[in-house]
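Participant: Encoded as structure tokens, here's the structure I'll be asking about.
Number of protein chains: 2
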Amino acid sequence: MTNRTLISHFPLCPLCRLVRLAFYEKGIPHAVWTEMPWQRRPEFLAKNPLGTLPIITETQTDEYVLSGATTICEYLDEIAPMPDLIGESPRGRAEVRRLVEWTLGVFYLDVVKPILEERVYKTLQHKGVPDSAVLRMARQNYKILMPYLDWVASRRAYLGGRHLSYADLAMAAQLSVLDYLGELTWDNLPGAKTWYAKIKSRKSFNSLLQDKIGGIMPSDNYTLFDF
Amino acid sequence: MTNRTLISHFPLCPLCRLVRLAFYEKGIPHAVWTEMPWQRRPEFLAKNPLGTLPIITETQTDEYVLSGATTICEYLDEIAPMPDLIGESPRGRAEVRRLVEWTLGVFYLDVVKPILEERVYKTLQHKGVPDSAVLRMARQNYKILMPYLDWVASRRAYLGGRHLSYADLAMAAQLSVLDYLGELTWDNLPGAKTWYAKIKSRKSFNSLLQDKIGGIMPSDNYTLFDF
Numbered sequence: 001m002t003n004r005t006l007i008s009h010f011p012l013c014p015l016c017r018l019v020r021l022a023f024y025e026k027g028i029p030h031a032v033w034t035e036m037p038w039q040r041r042p043e044f045l046a047k048n049p050l051g052t053l054p055i056i057t058e059t060q061t062d063e064y065v066l067s068g069a070t071t072i073c074e075y076l077d078e079i080a081p082m083p084d085l086i087g088e089s090p091r092g093r094a095e096v097r098r099l100v101e102w103t104l105g106v107f108y109l110d111v112v113k114p115i116l117e118e119r120v121y122k123t124l125q126h127k128g129v130p131d132s133a134v135l136r137m138a139r140q141n142y143k144i145l146m147p148y149l150d151w152v153a154s155r156r157a158y159l160g161g162r163h164l165s166y167a168d169l170a171m172a173a174q175l176s177v178l179d180y181l182g183e184l185t186w187d188n189l190p191g192a193k194t195w196y197a198k199i200k201s202r203k204s205f206n207s208l209l210q211d212k213i214g215g216i217m218p219s220d221n222y223t224l225f226d227f
Numbered sequence: 228m229t230n231r232t233l234i235s236h237f238p239l240c241p242l243c244r245l246v247r248l249a250f251y252e253k254g255i256p257h258a259v260w261t262e263m264p265w266q267r268r269p270e271f272l273a274k275n276p277l278g279t280l281p282i283i284t285e286t287q288t289d290e291y292v293l294s295g296a297t298t299i300c301e302y303l304d305e306i307a308p309m310p311d312l313i314g315e316s317p318r319g320r321a322e323v324r325r326l327v328e329w330t331l332g333v334f335y336l337d338v339v340k341p342i343l344e345e346r347v348y349k350t351l352q353h354k355g356v357p358d359s360a361v362l363r364m365a366r367q368n369y370k371i372l373m374p375y376l377d378w379v380a381s382r383r384a385y386l387g388g389r390h391l392s393y394a395d396l397a398m399a400a401q402l403s404v405l406d407y408l409g410e411l412t413w414d415n416l417p418g419a420k421t422w423y424a425k426i427k428s429r430k431s432f433n434s435l436l437q438d439k440i441g442g443i444m445p446s447d448n449y450t451l452f453d454f
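If you read the protein sequences in the order shown, they are chains A and B.
Going by my numbering, the residue at position 106 of the first sequence is 106; the numbering climbs one at a time, nothing skipped.
Going by my numbering, the residue at position 186 of the second sequence is 413; the numbering climbs one at a time, nothing skipped.
In structure tokens form, the structure reads like this:
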């Protein structure tokens, strides 16, 4: 067996999806392992005592490599610079990083994470029914934040500028989870919708669209490119 | 007037403090402007429609440059690589970024942010008294997370390895805010305490220790190096 990188992930975790997309887009061979972080398996915690996903390890040596979506993306950019997914100039790279920071630090926390926790993690852990107040707040945040994505997407070929970058992968990973859960709406968001259709039809997205989680079925639109 | 960078900050925001420390450590001339983001001043929102701190602008042209603590730190590393604050090898840089990601994505969100919101932002906005349940949860998280810091700090000269890095600045910025609010305790955390005393006594920390917020006084230990 050749030594490959193993991505420990949970299929509907958008941070893990960002990392999987990054590996695909950079053409780096890898395998994936599904981890339920709430099970707190000793073998998993031995590699990452913080218990967070995603992490990457080496399949042959089982050696821990790295944890954290942004950290892994920056690392991939350093060990495999081409195709470039951050940008070339310091200002261009800063714009990509700014959008990624907003996506993971605001959009994920205020929209995707609460919806995931209520609708997926609670179900899988048999922890009761979704809290409708939390879902309402997250959906309200979606309506507040999406116009910013639409504004950026309407002005540029890709979110970070003229080329595909981590900014696109980070945001598309978030939307793909909402898409699975049937939480996407596109009223008055034509720029965002066109941009998402473009990213969704990329080859790297294929594996995400084949994800299935036991007990939680994807929405009808999930695998459609023309939604 | 020479063109300098202006950091728009709120004095007790640990993300802003990280950026201020980074400018000091790299010896980059700068000025600071105190912004109360909840006032949503049109001039501020015109530069950063997301309304988040920190942002940096040019004093002469008033041109918006960048927002987001991690993004600004990575940008500074690109335009002013020395002194190095990320590390030299891809794996070394990944370790620093991993620690920064944990500090901002976990420690800040689960400990510092809720304490700041309840004890500072609510007061300054006349929004009532702190929610004791939120404070209790944040202080409980402090007790859960600090042993990890202690574990790392006990094994290395600096958090990221042998040299000062953004990992130290990011974490020390968090602790400095808790320090101001009298929320630091060091029971069974000797490694973390020694490490924090070392970072706190750096010249770059001086300006933070002079911060005062109207109506919210610093704790007795705040300016002590021997606490």
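Glycine included, every Cβ here is placed at the ideal spot set by N, Cα and C.
So, is the C-beta of residue 228 of chain B closer than 9 Å to a C-beta in chain A?
Facilitator: Annotation note: pLDDT 44 at residue 228 of chain B (below 50); position unreliable, coordinate value reported separately. Chain A, which has no Cβ nearer than 9 Å to the Cβ of residue 228 of chain B, makes this no.
Participant: Taking a Cβ distance cut-off of 8 Å, strictly less, list which residues of the segment 345-376 of chain B are near chain A, in chain order.
Facilitator: Within the segment 345-376 of chain B, the residues whose Cβ lies closer than 8 Å to some Cβ of chain A are 375, listed in chain order.
Participant: If we ignore side chains and look at the alpha-carbon of each, how far apart do residue 333 of chain B and residue 422 of chain B end up?
Facilitator: Cα-Cα distance, rounded: 20 Å.
Participant: Along the segment 47-66 of chain A, where does the CB come closer than 9 Å to a CB of chain B? Name the residues.
Facilitator: Answer set for the segment 47-66 of chain A: 49, 50, 52, 65, 66.
Participant: Whole angstroms are fine: how far does the CA of residue 126 of chain A sit from the CA of residue 397 of chain B?
Facilitator: Each residue's alpha carbon lies about 37 Å from the other.
Participant: Does the beta-carbon of residue 28 of chain A have 16 or more other beta-carbons within 10 angstroms, so that it is buried, or is it exposed?
Facilitator: By the neighbour-count rule (16 or more Cβ atoms within 10 Å), residue 28 of chain A is not buried but exposed.
Participant: If I measure Cβ to Cβ from residue 428 of chain B and keep anything under 8 Å in the same chain, skipping five residues before and after, which residues do I get?
Facilitator: Within the same chain, residue 428 of chain B has close Cβ partners 452.
Participant: Let me know the alpha helix (DSSP H) ranges lying completely inside the segment 193-226 of chain A, each 4 residues or longer, listed in chain order.
Facilitator: With a minimum length of 4 residues, the continuous alpha helix (DSSP H) runs that stay inside the segment 193-226 of chain A are 206-209.
Participant: Between residue 299 of chain B and chain A, is there a C-beta pair that is closer than 9 Å?
Facilitator: Yes, residue 299 of chain B counts as interfacial toward chain A.
Participant: Does DSSP classify residue 120 of chain A as helix, strand or coil?
Facilitator: Residue 120 of chain A falls in the helix class under three-state DSSP.
Participant: Measuring alpha carbon to alpha carbon, tell me which residue in A:110, A:158, A:54 is nearest residue 199 of chain A.
Facilitator: Ranking the options by Cα distance to residue 199 of chain A, first place goes to A:158.
Participant: Measure the alpha-carbon distance for residue 228 of chain B versus residue 304 of chain B and round it to whole angstroms.
Facilitator: Reliability of the predicted coordinates at residue 228 of chain B is poor, the pLDDT of 44 falling under 50, and the value obtained from them is presented with this limitation in mind. Cα-Cα distance, rounded: 25 Å.
Participant: Using the C-alpha atoms, what's the distance from residue 280 of chain B back to residue 265 of chain B?
Facilitator: When rounded, the distance between both Cα atoms is 11 Å.
Participant: Could you tell me whether any Cβ in chain A is nearer than 9 Å to the Cβ of residue 246 of chain B?
Facilitator: By this cut-off, residue 246 of chain B is not an interface position.
Participant: Pick out the complete alpha helix (DSSP H) segments inside the segment 253-297 of chain B, 4 residues or longer, and give them in chain order.
Facilitator: Complete alpha helix (DSSP H) runs here, min 4: 269-274.
Participant: Quick one: grab the DSSP three-state call for residue 371 of chain B.
Facilitator: In the structure shown, residue 371 of chain B sits in a helix (DSSP, three-state: H, G or I).
Participant: Where does residue 313 of chain B fall in DSSP's three states?
Facilitator: The answer is coil: DSSP assigns residue 313 of chain B none of H, G, I, E or B.
Participant: Can the beta-carbon of residue 300 of chain B be found closer than 9 Å to that of residue 356 of chain B?
Facilitator: In this structure, residue 356 of chain B does not lie closer than 9 Å to residue 300 of chain B by Cβ.
Participant: Using a cut-off of 8 Å between C-beta atoms, extract the partners of residue 161 of chain A located in chain B.
Facilitator: Those do not exist, as residue 161 of chain A stays about 15 Å from chain B at its closest Cβ, beyond 8 Å.
Participant: Looking at chain B, which residues of the segment 195-213 of chain A have a Cβ within less than 8 Å of any of its Cβ atoms?
Facilitator: Per Cβ criterion, the list is empty.
Participant: Interface residues of chain A around residue 302 of chain B at Cβ under 7 Å?
Facilitator: Those within 7 Å of residue 302 of chain B in chain A are 90, 94.
Participant: Tell me, please, whether the CB atom of residue 296 of chain B is closer than 9 Å to any CB atom in chain A?
Facilitator: Closer than 9 Å to some Cβ of chain A, the Cβ of residue 296 of chain B qualifies, so yes.
Participant: What residue ranges within the segment 371-410 of chain B form continuous alpha helix (DSSP H) runs of no fewer than 4 residues, ordered along the chain?
Facilitator: Within the segment 371-410 of chain B, the complete alpha helix (DSSP H) runs of at least 4 residues are 393-407.
Participant: Is residue 172 of chain A near residue 205 of chain A, with beta carbons less than 9 Å apart?
Facilitator: Result yes, Cβ atoms of residue 172 of chain A and residue 205 of chain A sit closer than 9 Å.
Participant: Go ahead and label residue 33 of chain A buried or exposed: buried means 16 or more other beta carbons lie within 10 angstroms of its beta carbon, across all protein chains shown.
Facilitator: With fewer than 16 other Cβ atoms within 10 Å, it is exposed.
Participant: Expressed to the nearest angstrom, what Euclidean distance is found between the alpha-carbon atoms of residue 269 of chain B and residue 444 of chain B?
Facilitator: Approximately 29 Å between the Cα atoms of the pair.
Participant: Would you say residue 338 of chain B lies against chain A (beta-carbon separation less than 9 Å)?
Facilitator: Answer no: the Cβ-Cβ gap between residue 338 of chain B and chain A never drops below 9 Å.
Participant: Quick one: measure Cβ to Cβ for residue 219 of chain A and residue 180 of chain A, integer angstroms, because I've assumed they're closer than 8 Å.
Facilitator: Going by Cβ atoms, the distance from residue 219 of chain A to residue 180 of chain A rounds to 6 Å, so yes, they are a contact pair.
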